[in-house]
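These notes are about the structure you will find just below.
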Amino acid sequence: MFQTAKFFINLAQKTPRIKDSVVLGLLSGLIGTIPMDIIDSVFWMFGKHEMLYGHLAGSMIFRPIRTNRKENFLIGHVMHLLTGSGLGYLITGFLKITGKDHHLIKGSFIGMLGWMTLYEFGQRVKWFTLKAHKSSTFYTAFLMNLVYGMTTAQAVVSLAHPSVFNNKKIEQNTPIQPVSNFYTDSQTIDTPVEYSI
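Shown next as C-alpha cells:
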C-alpha cells in the first residue's frame, strides 16, 4: 500500500502544471466526475439508486424508455461529462476570486449548487423526462455532488500553475532618496564669491 501511495505522489509531482484556467477547469471537472460515476454505478447495482447519470442526462433529449439503449445512454453520459467539465470551470473561477484556501469546502459548496440546480430544480421544471421517486436516489445524488465538488476543487489546486492564483500585481519599487541639498552631489558651484569693501 505504501508503494501505491508513493507511485501516485511521484506521478502528481511529475504532472505538468496548467496555466490556462479554462483548460484547468474543464480537465478538473472531468476528473471530478470519475468518483461521482463510481458511486453512481455502485449504488445503482445495489438498487439504492433508480437511474445512472447517463440515463438522467439522456432523458433531456430522449424518452425514458429509449435511454436504456446503449447508444442513447452513451450520448447521455457524454452530456453528463460535459456538464461536469463546465462546472469544473465554474469552481476554478470561484477559487481564483476567493483564493484556494479551504478549497474543499468551496468546491463542495459549488457541488451543492449544481445538485440543487440541475437535479432538484431541473426535475421540477421538467428538464428531464425521467423522474426519481425514491428518497435514497435524492440522498445518493446529494452525496455524489458533494464528492464531485471536493474532488474537482482538489484537482484544480493540484494541477494549477502558481500563476493561476497569483492575482497580485508586481509593483515596481523605485527607492526615493531624500534630498539633503538643493544641488546634487555631482554638481559643483564654480562661481567665485565677490566681496565688497
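Under full-length UniProt numbering, the letters of the sequence shown match residues 1 to 197, in that order. For glycine and all other residues, C-beta sits at the position ideal for the given N, C-alpha and C.
Go ahead and pull the three-state DSSP assignment for residue i.
i, result
"I61", "coil"
"R17", "coil"
Quick one: is residue i buried, meaning 16 or more other Cβ sit within 10 Å of its Cβ, or exposed?
i, result
"K48", "exposed"
"K70", "exposed"
"S21", "buried"
"F128", "buried"
"T117", "exposed"
"N145", "buried"
"N72", "buried"
"L52", "buried"
"G25", "buried"
"T67", "buried"
"L74", "exposed"
Does the Cβ-Cβ distance between residue i and residue j come in under 8 Å?
i, j, result
"I110", "L90", "yes"
"V157", "H103", "yes"
"G58", "M36", "no"
"G88", "L30", "yes"
"K106", "V164", "no"
"G32", "T152", "yes"
"M60", "S108", "no"
Since residue i contacts residue j with CB under 8 Å, what's their CB separation in whole angstroms?
i, j, result
"G54", "H77", "4 Å"
"G84", "Y148", "7 Å"
"R17", "H161", "4 Å"
"S28", "L159", "6 Å"
"T140", "F46", "That pair is no contact at about 10 Å."
Could you tell me whether any non-hydrogen atom of the ligand ADP is closer than 7 Å to the CB of residue i?
i, result
"F128", "Absence of the ligand ADP is noted for the structure shown, with no ligands found whatsoever."
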